[in-house]
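Heads up, the thing below is written out as structure tokens.
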Amino acid sequence: VEGRDLHADLPVALADAVLGAKVAVETPTGKVAVNVPAWSSSDKVLRLKGRGLPEKVGGHGDLYAHVRLMLPEGGDSDLEALMRNRKR
């Protein structure tokens, strides 16, 4: 929380970060879908204007969703093979 602005981690699967996707984000007023652009990295911050905490005089702060890349649990042999091939 920063004034009326909120900051939240946004878990994004590796494939969604590379290809782009719509991902659900929890806000004070409920879930909304946010567009994660293709080739988003963990330093990407998505601003959801007016989705933060309410202001005393009307309006709302913003919600900043910080992309956090999520690797497949338990590994993925196809992904490992692709990465080994690309590393050469």
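1 is the number of the first residue of the sequence shown in my numbering; add one for each residue after it.
Think of the CB as a built atom: it goes at the ideal place given N, C-alpha and C, for glycine as much as any other residue.
Remember, it's a predicted structure, so these values are computed and weren't measured experimentally.
Nearest-angstrom beta carbon gap, residue j and residue i [assumed within contact, 8 Å]
i, j, result
"V18", "A38", "7 Å"
"L48", "A65", "6 Å"
"M70", "A33", "Not a contact, Cβ separation roughly 18 Å."
Closest Cα partner of residue i within the set the options
i, options, result
"L63", "R84, L53, V57 and L69", "L53"
"R4", "A33, K87, G61 and K22", "G61"
"T27", "G75, H7 and L14", "H7"
"V45", "T29, G58 and R68", "R68"
"G50", "P72, T29 and R84", "T29"
"E2", "A21, E55 and G20", "E55"
Where the alpha helix (DSSP H) containing residue i begins and where it ends
i, result
"L14", "L14 to L19"
According to DSSP, residues forming a beta bridge with residue i
i, result
"V25", "V32"
Practice item. Mind listing, in chain order, the continuous beta strand (DSSP E) runs of no fewer than 3 residues lying wholly within the stretch 27-84? Key: Unbroken beta strand (DSSP E) stretches of 3 residues or longer found wholly inside the stretch 27-84: 30-36, 45-48 and 63-70, given in chain order.
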